[in-house]
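Protein chains in written order, with my numbering: chain A, -10 to 125; chain B, -10 to 125.
Worksheet: the structure to be examined is printed underneath.
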């Protein structure tokens, strides 16, 4: 099966602490993981909302992908991530199908081995594949 | 528990058939349900992507909420839906918390009893609650 499930939804916000507090209060979200990813210019907070996951992303600087996203569109959904068994195999399959990829090989994200597919391939949705192996 | 899980992600598209075909080809998505919702001016296709759900929404006319969304922002993620046990109870709780609601009472959507929370309440994310009762 190419995709196992939704893994998380990434949401761009300006103020991470304020957003974490609001998601906790309104939706009962709990922080599962936090990480500062210098390479991508973001501070990320992985939330559990029930059994679902929301990844809040705040830019470290305005001139970063998430900073420019906020400047252009304001806060909101930034990407959609699916759980897959094998990121490398999925990238190969998608490349063969002619899908426009951002990552030709996996990178390491908040949730381990991941790769991004260009938003043009999936109707404006920046799409991330998260490798969950046989563990999820 | 206020929220049980992610239920689906709504994606606005111009051409529903093209999007269904692409999501099937690239992500192995299968159509679970389709509905024409005159009141909201959309044709909706509920997809299963593995165990996850994506709801593709195409406007019936340009002058509809999804039509205006496409005009303003192009195709992309439109709303994020969470599964809850009891929509009425969650609306009451959110109202008490001062969250800005779109629906004061539930409406009927592609997935049954639902209600929308204003995007301002959750950092730019138009949020839907889907009542799954004890069945999901």
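Cβ atoms here follow ideal geometry from the backbone N, Cα and C, with glycine treated the same way.
Let's test the definition: count the other Cβ atoms within 10 Å of the Cβ of residue i and tell me whether it reaches 16, buried, or not, exposed.
i, result
"residue 203/A", "Here chain A comprises residues numbered -10 to 125, so residue 203/A is not present and cannot be evaluated."
"residue 39/B", "buried"
"residue 44/A", "buried"
"residue 81/A", "exposed"
"residue 51/A", "exposed"
When you compare only the Cα positions, how much space is there between residue i and residue j?
i, j, result
"residue 23/B", "residue 84/A", "29 Å"
"residue 117/B", "residue 73/A", "26 Å"
"residue 55/B", "residue -6/B", "25 Å"
"residue -9/A", "residue 57/B", "33 Å"
"residue 28/B", "residue 17/A", "31 Å"
"residue 124/B", "residue 21/A", "Note that residue 124/B has pLDDT 46, beneath the 50 cutoff, so the model's placement of it is unreliable and no number is given."
"residue -1/B", "residue 67/B", "5 Å"
"residue 107/B", "residue 76/A", "35 Å"
"residue 63/B", "residue 26/B", "21 Å"
"residue 87/B", "residue 86/A", "47 Å"
"residue 33/B", "residue 8/B", "11 Å"
"residue 19/A", "residue 11/A", "11 Å"
"residue -4/A", "residue 15/B", "17 Å"
"residue 3/B", "residue 53/A", "29 Å"
"residue 71/A", "residue 94/B", "32 Å"
"residue 109/A", "residue 61/B", "17 Å"
"residue 13/A", "residue 96/B", "25 Å"
"residue 122/B", "residue 5/B", "30 Å"
Taking a contact to mean a Cβ-Cβ separation below 8 Å, would you say residue i touches residue j in this structure?
i, j, result
"residue 69/A", "residue 114/A", "yes"
"residue 92/B", "residue 112/B", "no"
"residue 102/A", "residue 79/A", "no"
"residue 48/A", "residue 59/A", "yes"
"residue 166/A", "residue 1/A", "In the structure as shown, chain A starts at -10 and stops at 125, and residue 166/A therefore has no counterpart that could be examined."
"residue 30/B", "residue 99/B", "no"
Show which residues of chain B have a CB atom less than 8 Å away from the CB atom of residue i.
i, result
"residue 71/A", "16, 38, 39, 41"
"residue 102/A", "The contacting residues do not exist; residue 102/A stays about 17 Å from chain B at best."
"residue 8/A", "112"
"residue 88/A", "15"
"residue 56/A", "Residues of chain B passing the Cβ test: none, with the nearest at roughly 15 Å."
Run through chain A and tell me which residues come within less than 8 Å of residue i, C-beta to C-beta.
i, result
"residue 84/B", "Going along chain A, no residue has its Cβ under 8 Å from residue 84/B, so there is no contact; the nearest lies around 11 Å."
"residue 20/B", "Near residue 20/B there are no residues of chain A at all, since even the closest Cβ is about 15 Å away, more than 8 Å."
"residue 35/B", "By Cβ distance, chain A contributes nothing, its closest Cβ being about 13 Å from residue 35/B, past 8 Å."
Would you say residue i touches the ligand ZN, meaning its beta carbon is less than 7 Å from a heavy atom?
i, result
"residue 31/B", "The ligand ZN is absent from the structure shown, which contains no ligand whatsoever."
For residue i, go through chain A and note every residue whose CB falls closer than 9 Å to its CB, in chain order.
i, result
"residue 62/B", "62, 113"
"residue 110/B", "11, 15"
Using the beta-carbon of each residue, which ones in chain A are nearer than 7 Å to residue i?
i, result
"residue -9/B", "16, 17"
Can you list the residues of chain B that residue i reaches, using a CB-CB cut of under 7 Å?
i, result
"residue 99/A", "The premise fails here: residue 99/A is roughly 16 Å from chain B at the closest Cβ pair, so nothing lies under 7 Å."
"residue -6/A", "39, 40, 41"
"residue 122/A", "By Cβ distance, chain B contributes nothing, its closest Cβ being about 15 Å from residue 122/A, past 7 Å."
Going along chain B, which residues have a C-beta under 9 Å from residue i?
i, result
"residue 136/A", "Any question about residue 136/A goes unanswered here, given that chain A covers just -10 to 125."
"residue 76/A", "Those do not exist, as residue 76/A stays about 14 Å from chain B at its closest Cβ, beyond 9 Å."
"residue 0/A", "69, 111, 112, 113, 114"
(message) Quick check on the DSSP output: what are the complete alpha helix (DSSP H) runs of length 4 or more inside the segment 31 to 98 of chain A, in order along the chain?
(response) You should have 54 to 62, 76 to 85.
(message) Give the list of continuous alpha helix (DSSP H) stretches no shorter than 4 residues that lie fully inside the segment 8 to 33 of chain B.
(response) You should have found no qualifying run.
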